[in-house]
Every structure is written in structure tokens, then in C-alpha cells.
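Note that the protein sequences, when read in sequence, are chains A and B.
For the first sequence, our numbering begins at 930 and goes up steadily by one.
For the second sequence, our numbering begins at 930 and goes up steadily by one.
Protein chains: 2
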Amino acid sequence: MNRKEQAILRILKETDKPLSGRKITTELLHTGHEISERTVRLYLHKMDEAGLTQNFGKRGRQISEHGVEELEATGIIEKVGFLSAKIHQMTYRMSFDLERETGTVVVNVSLVKPEYLQVCAVEIEKVFAEGFAMGELLSLLYPGEHIGRAIIPPGYVGFATVCSITLNGVLLQYGIPTNSRFGGLLELQNKEAVRFVEIINYDGTSLDPLEAFIRSGMTDYRGAIASGDGKIGASFREFPADSRELVENLAKRLDSIGMGGFMALGWPGQSLLDIPVNEGNFGAVVIGGLNPAAILEENGYRITSRALAGLLDCQRLFHYREMTKRLKQGS
Amino acid sequence: MNRKEQAILRILKETDKPLSGRKITTELLHTGHEISERTVRLYLHKMDEAGLTQNFGKRGRQISEHGVEELEATGIIEKVGFLSAKIHQMTYRMSFDLERETGTVVVNVSLVKPEYLQVCAVEIEKVFAEGFAMGELLSLLYPGEHIGRAIIPPGYVGFATVCSITLNGVLLQYGIPTNSRFGGLLELQNKEAVRFVEIINYDGTSLDPLEAFIRSGMTDYRGAIASGDGKIGASFREFPADSRELVENLAKRLDSIGMGGFMALGWPGQSLLDIPVNEGNFGAVVIGGLNPAAILEENGYRITSRALAGLLDCQRLFHYREMTKRLKQGS
DNA sequence: AAATTAATCGGCAAAATTGCCGATTAATTA
DNA sequence: TAATTAATCGGCAATTTTGCCGATTAATTT
Chain A
930 MNRKEQAILR ILKETDKPLS GRKITTELLH TGHEISERTV RLYLHKMDEA GLTQNFGKRG
990 RQISEHGVEE LEATGIIEKV GFLSAKIHQM TYRMSFDLER ETGTVVVNVS LVKPEYLQVC
1050 AVEIEKVFAE GFAMGELLSL LYPGEHIGRA IIPPGYVGFA TVCSITLNGV LLQYGIPTNS
1110 RFGGLLELQN KEAVRFVEII NYDGTSLDPL EAFIRSGMTD YRGAIASGDG KIGASFREFP
1170 ADSRELVENL AKRLDSIGMG GFMALGWPGQ SLLDIPVNEG NFGAVVIGGL NPAAILEENG
1230 YRITSRALAG LLDCQRLFHY REMTKRLKQG S
Chain B
930 MNRKEQAILR ILKETDKPLS GRKITTELLH TGHEISERTV RLYLHKMDEA GLTQNFGKRG
990 RQISEHGVEE LEATGIIEKV GFLSAKIHQM TYRMSFDLER ETGTVVVNVS LVKPEYLQVC
1050 AVEIEKVFAE GFAMGELLSL LYPGEHIGRA IIPPGYVGFA TVCSITLNGV LLQYGIPTNS
1110 RFGGLLELQN KEAVRFVEII NYDGTSLDPL EAFIRSGMTD YRGAIASGDG KIGASFREFP
1170 ADSRELVENL AKRLDSIGMG GFMALGWPGQ SLLDIPVNEG NFGAVVIGGL NPAAILEENG
1230 YRITSRALAG LLDCQRLFHY REMTKRLKQG S
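Quick look at the structure:
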């Protein structure tokens, strides 16, 4: 069993329903393997014969028990999960429906003392107002509530913002697959994106890049909201060339319901902010959902942030201008 | 010109002297491309004919002017350099000679106020004493001195520690190539390495992983030196299976001169701390050079650290027990 | 339920990649 | 300087990977 066969098996292992050759190929390409669809089918055939996979005809293939054993025998078990895997998972799990505005969205949560939040409220609102946040919505979670596997401790509130992964999920419902490439620190001049000054690929990190930049104090939101020159967290994604128009439309609709997050859309085959894109794709710069929380850190209030913290019903979200009011009235 | 040809050209472009097919192949494998030596030669031949490269016979090939133009036309210019590139570069540049104990070593530098350093001195010494630092040597740089392209500002000292990349350079002189895979946060129990809890691959990040972990306050050195349970910065590397014995010897010799940094050596084909290694290689866990500086951050003193800051003559290094004395007498 | 559409699979041949190896040349040692 | 050693290159054939396409099947529409 060679490297590529292992890669195929690993994809099959993560799904319980049968997958077609094409699906597997797309996944492989998204995880950095260079391979053609035909070759995947070729290997699948071999592995059918070796009893590693089970053939359900046109409905696809599943991994067999023997396949699972063999895969585990190779010892290639990824203990520390890379962020790209988590992104995939969350994208599939969320259920937000753009038409009806119902369902769950992926959120980031920062634990913070209410006082601190109150102090920084003006600046946080400014981040939203200037469009340096993902949309205009947020939510507050109170002690005892849980999100994902975490729970809000007494004396704190959970400052929850919509995660930009939510965009992936929405697009997916329209059949558009997203390739989330990296998170980075984006330099702004005159409120315009100029270039990425730091980059961390999603498929090579277990730590969320934006969390790292924010906690390290490398961001400069105060500059961004004051003069328009600063450094903010953003991420770079790719979409199939054919979907350019649809993406643009959806972006507008998302904007209109307060969930816009696209800062820049490139064109097929053309690099965006000097970042080259893969063939047959176009690039996009998406604002980091964790951004508003960075203000707290910049003002010296240490916070615990968790990107991709969990799913939250979109009914719980409210407009950022309501934040101070809700803070006062408490839970 | 396809993807692989581009990759070859890019390697040639970074060197001024001619490179042989084998050298190019090793570089390619190190930067993540899967390709055989023969194929590289095949493409080189094609590119000779296309005038993209110049053939110097057995001495190797160089990129031609036309080749440079073509490469630039592809637009694939990596603006933000990944750390793996910088690691390579520094490895070639340093000149430390293990036999004679002369030459330059790669160092990390943290800018810190002397008072703070004084306050944390005991704990820093403990980090060295417990073996959680790279060797036992360090150096102090004073205002006005420069290291790499940085300069020590008035009122600060540069706390310089030997970077673990120095090990790569030493091994290289014995013909052993190093594959630096990732930097991570290593969990310790009873002073023993247990597992990596976070990981960032070197070939997908522009920010040094250890810098990120330290500045984010994710490390736990105080725990490590107090009870033996904590989290420290470490990195994972791979070496060719054949060199196992030589690496072990060199590690001992490095230890004896106060520049030891290996925490664990694996065996060919066997995973180390659940991290699988590539075929024909064995893994090694190397202590992060930046580690002692983390103590400062953990005590709430914000510092500016720069991994791979520059080269320093090894004559400048002294034993950590001399630190406080030298601090008092100043420059 | 029948007709239409879209996607899947695998055969075949072409193209790309690789392993093997002998001839040649550079580097090192005697 | 001559002899020896080590590394390089490219020819050839085997192997791997891919493109193309018709047959078949699932999903969708009429």
C-alpha cells in the first residue's frame, strides 16, 4: 500500500456513507495531494481486489474492516488534529439556512469579565462599524451555558462572534466547495488591504492562526479603527472558477443580513494580494471572525479566545449596537 | 512549463553556483515535492533545450536569464517567506566548527530590560539547569550592537540563546541533512516528554511556532522547573536512517561542549511520541532555543523575541551561571 | 411510470515518471 | 603526477499515471 492509497483510505475512513471517485479526488486535491480522478479509480479497483474497500457500484466505495486494520497498521495516525480537518468538520455540521435565516452558525467565543467588555465597548463597536468584523452580529453567553465542550465559568461572559467558517457552510449549501488555505495578519493602509505580513497554513497547524496573532499582541486594530492603518486578522480561501458569479451574489445577500465577511474577491487564475491561486480557482480574502475580541487583548486585558468554539442557534445573535444594553441588563 | 519544472527553476534561482541533479532532488524532497532524481534530470534536459537552464556538464546546471524571466512570468513569487526557507538559509550560512569550537552559531534574541532579566534570573538558570534549554550557553548583547538586521535599543539588553537550527548546521558539516518538520508545544510529565499538544509545520508558516506559543502565554515553564509537569517549546526533525549512529555520537559531543539540544531520538521507521516519520528516516525531538526567554513572558514581562535572529561568533557565548555577574558589570 | 439528465465506472492507449546501468568526468588520495 | 574513488549524466525499458470515451446506472424531471 503506497502513500496515495493510504490517503484515499484515510478519506474513506472519515465518512460512513459510500464515496464516489470524484468526491474522493476533490477531497484529496483539497488536502494537498496531486492526483487525477482516473488514478483514484485505478487504486480503488486495486483495493477492491485486495479487500481493503467495498464496491457499491455506482453508489461509491466504503472502507472495509480489513481496510481499517491495514490503515491503522501503517501507524499514520494523526494524533494532533490539524485545523483544516476541524474546518471541514464544522462546515458539515452547521445548518444555517440563508433563505429562512434559521439554523446554527459556527462561532468563536472569548471568555471575558463583563467590566472589561464594558470598558472596551466603544472600540469594539468601532471595529464592527468600520467593517473589520465578520458581519454585524454577535451574542453573549452567560455563566453555566455551554458551547461546544466548554462552559462559561462564573464571573465571566462569553463574547461570541460569527466565525468566518460559516461562510464556507453557506456556500456549500449552494454546492460551492471552499478551500481554506491560510490565516494571516493583513496590513491595512487607508482602510485598504495591502498585503499579508504573516501567514500560517491551515493544513499545517493545530493552533488557529488568528488566535496566535491576537494572543501574541501582533494585531493593530486600534490603528485600523483610528487612522485606517493597522493590522487585522484575515484568512485566504479559494473557490472554483465557475462559481465566481454565484459567490458574488451570495456575498451580497450575506452582507444584507449582517453576515458579510468578504473583503476582496479575486479572479480565476489571477493572484490576489500577491498570493497565487491554484489553477481553475479564484481567491478571496475573508475577515477573521475573532477580530473584535483582539481589541481587548490590545488594551492589556488577557482573554481566553477559542476559534471554532462550537455551534450556536442564529436566533441568539443580535446587532452589535445592542451589546452595551444587554450587558447592563445581564443574563 | 509545469509545476515541477517551476519548482526546479525556483531552486536553481536561489543559488548562484551550478547544482547537480541530486542536490536539486534533495532540496525538492525537503520542500515537500515528490519526485525522483531521474525525473529531475529529465526535466533539466528539456529545460536545457528550451534555454531555461545552462548545462555545465558534470558540474551541474544554472538558471539562465531567460529562465529567470519565464519564472517571473508565472507570477508564482512567494512574497511572505515560509520559515522552512529561512531555516535552510541560516543552516548554510553558519560556520560553527565542532572540532575547533570556532565560527558562528545561529541565535535567537529577546529584547528585555536588564532589571527584568535580573528578577527572573533564578528561574532562567533553573530552566538551563533542568535541561529544558538548548545547551548551557548564552550571550548578552548591549545597546548599539546589531544582530542580523536588528539593533539593540538603549535601555535594553539582547538576551541571546543558541538556536536549535545550529544543530542542523553542525550535522550538515558531517554530511547529514536535516528535515525540520514542525515546532510544537511539548507536554512534560515528570520531566519526561509525553506528547505534542500543539503543532505548526515549518513549511506552512511565516511566524516561528515557538515565538507564537511563547508570546501567546501557552507555555508552562514554571510548572516544568517546579514539579516536572509543564509545557515547553520543542521541535521535531527527521534524519536519514543510515546516519542514526553518527547523529548519536555527535549529540554526545555537542552535549559535552554545552550545546546539546536533543531530547529524544527515535528509530528508523518508528514513530516518536505518536508522530509518524517518513520512510528511511528517524525522528528526533529537539529543545527550542528560545525557551529560557519564555520565563519572562510567563512572569508578565512582555518581551520582543526573534527566533533565528542572526549569527553570532561562538566566542561571545558563556555559561549560564555567569549571567548575573555579567549583568551587574554591564557592557 | 417513462423519459431525460447527470454521474459513475473501467478499458484502452498515450504520456509521464521511474529504476537500472554503463560511460564519462570531477574530486580525492597515494 | 598518476591512480583511485565518488558522483554525474543520459539511454533504454518497465512501471505508473493520465486522458479519452463508451457503456451503465442513479437521480431528476416530465
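Built from N, CA and C at the ideal position, the CB exists for glycine as well.
Because the structure is a prediction, the values reported are computed rather than measured.
Three-way DSSP call (helix, strand, coil) for residue i in this model
| i | result |
| --- | --- |
| A/Asn-931 | coil |
| B/Arg-951 | helix |
| A/Ile-1006 | At A/Ile-1006, the pLDDT of 45 sits below 50, so the modelled position is not reliable; the number obtained from the coordinates is stated separately. DSSP places A/Ile-1006 in coil when its eight states are reduced to three. |
| B/Ile-1161 | strand |
| A/Ser-1013 | helix |
| B/Val-1034 | strand |
| A/Gln-1244 | helix |
| A/Thr-1090 | strand |
| B/Ala-1238 | strand |
| B/Asn-1220 | helix |
| B/Ala-876 | Since the first and last residues shown for chain B are 930 and 1260, residue 876 of chain B lies out of range. |
| B/Asp-1026 | strand |
| B/Arg-1078 | coil |
| B/Gly-986 | helix |
| A/Thr-944 | coil |
| B/Gly-1231 | Strictly speaking, residue 1231 of chain B in this sequence is Arg, with Gly absent from that position. DSSP places B/Arg-1231 in coil when its eight states are reduced to three. |
| A/His-962 | coil |
| B/Met-1252 | helix |
| B/Gly-1060 | coil |
| B/Gly-1104 | coil |
| B/Lys-1198 | For the record, residue 1198 of chain B in the displayed sequence is Gly; it is not Lys. Three-state result, B/Gly-1198: coil. |
| A/Val-1041 | strand |
| A/Glu-1065 | coil |
| B/Val-1051 | helix |
| B/Gly-1084 | coil |
| A/Leu-981 | coil |
| A/Asn-1119 | coil |
| A/Arg-939 | helix |
| A/Asn-1097 | helix |
| B/Val-1126 | strand |
| B/Gly-996 | helix |
Sequence-distant residues of its chain with Cβ nearer than 7 Å to residue i (five each side left out)
| i | result |
| --- | --- |
| B/Arg-1245 | Ser-1068 |
| A/Tyr-924 | The question about residue 924 of chain A has no answer here: the residues shown for chain A are numbered 930 through 1260. |
| B/Ala-1122 | Leu-1115, Met-1192, Ala-1193, Leu-1202, Val-1214 |
| A/Ile-1094 | Ile-1016, Met-1019, Thr-1020, Val-1035, Leu-1237 |
| B/Arg-988 | Pro-947 |
| B/Gly-1189 | Gly-1064, Ala-1180, Leu-1183 |
| A/Phe-1168 | Ile-1105, Thr-1107, Val-1176, Asn-1210, Phe-1211, Ala-1213 |
| B/Arg-1110 | Asn-1130, Tyr-1131, Phe-1165, Arg-1166, Glu-1167 |
| B/Asp-945 | none |
| B/Leu-1046 | Val-1086, Phe-1088, Leu-1256 |
Supposed close pair residue i, residue j - CB separation, criterion 8 Å
| i | j | result |
| --- | --- | --- |
| B/Gly-1162 | B/Asn-1210 | Wrong, their Cβ atoms sit about 22 Å apart, outside the cutoff. |
| B/Gly-1157 | B/Leu-1117 | 7 Å |
| B/Gly-1239 | B/Ile-1076 | 4 Å |
| B/Asn-1037 | B/Arg-1235 | 7 Å |
| A/Thr-1233 | A/Leu-971 | Incorrect: roughly 49 Å between the Cβ atoms, too far for contact. |
| A/Ile-1143 | B/Ser-1135 | In fact, because the Cβ distance is near 16 Å, the residues do not count as touching under 8 Å. |
Under 9 Å from the C-beta of residue i: neighbouring residues of chain B
| i | result |
| --- | --- |
| A/Arg-1144 | Ala-1141, Arg-1144, Ser-1145, Gly-1146, Met-1147 |
| A/Leu-1210 | The residue you asked about is not Leu; residue 1210 of chain A is Asn in the sequence shown. Chain B residues near A/Asn-1210: none, gap ~14 Å exceeds 9 Å. |
| A/Asn-1097 | Result: empty, since nearest Cβ-Cβ is about 19 Å, beyond 9 Å. |
| A/Asn-1119 | In chain order: nothing, as chain B lies at least about 20 Å away. |
Amino acids of chain B, ordered along the chain, whose beta-carbon sits closer than 8 Å to that of residue i
| i | result |
| --- | --- |
| A/Ser-1109 | Chain B residues near A/Ser-1109: none, gap ~13 Å exceeds 8 Å. |
| A/Asn-1269 | Not covered by the structure: residue 1269 of chain A. The range shown for chain A is 930 to 1260. |
Partner residues on chain A for residue i, Cβ-Cβ distance less than 9 Å
| i | result |
| --- | --- |
| B/Glu-1127 | Val-1009, Thr-1134, Ser-1135, Leu-1136 |
| B/Asn-1228 | What B/Asn-1228 touches in chain A: nothing, since even the nearest Cβ is about 14 Å away. |
Chain-ordered neighbours of residue i on chain A, where CB pairs are closer than 8 Å
| i | result |
| --- | --- |
| B/Asp-931 | The sequence as given places Asn at residue 931 of chain B; Asp does not occur at that position. Within chain A, no residue comes near B/Asn-931; the closest Cβ sits about 11 Å away, beyond 8 Å. |
Nonlocal neighbours in the same chain, by C-beta distance under 8 Å from residue i, ignoring five residues either side
| i | result |
| --- | --- |
| A/Ile-1224 | Cys-1049, Glu-1052, Ile-1053, Val-1056, Tyr-1150, Arg-1151 |
| B/Leu-958 | Ile-964 |
| A/Ile-1080 | Gly-1073, Glu-1074 |
Own chain partners of residue i with C-beta closer than 6 Å, once the 5 adjacent residues on each side are dropped
| i | result |
| --- | --- |
| B/Asp-1242 | Thr-1033 |
| B/Asn-984 | Asp-977, Arg-990 |
Contact test: residue i Cβ vs the ligand HEM heavy atom, cutoff 7 Å
| i | result |
| --- | --- |
| A/Lys-1181 | Absence of the ligand HEM is noted for the structure shown, with no ligands found whatsoever. |
Chain-ordered chain A contacts of residue i [CB-CB under 7 Å]
| i | result |
| --- | --- |
| B/Asn-1037 | Going along chain A, no residue has its Cβ under 7 Å from B/Asn-1037, so there is no contact; the nearest lies around 16 Å. |
| B/Asn-1220 | Neighbours of B/Asn-1220 on chain A: none; closest Cβ ~17 Å, over 7 Å. |
* Tell me the start and end of each unbroken alpha helix (DSSP H) in the segment 1133-1188 of chain B that is at least 4 residues and wholly inside, in chain order. => 1138-1144, 1150-1155, 1173-1185
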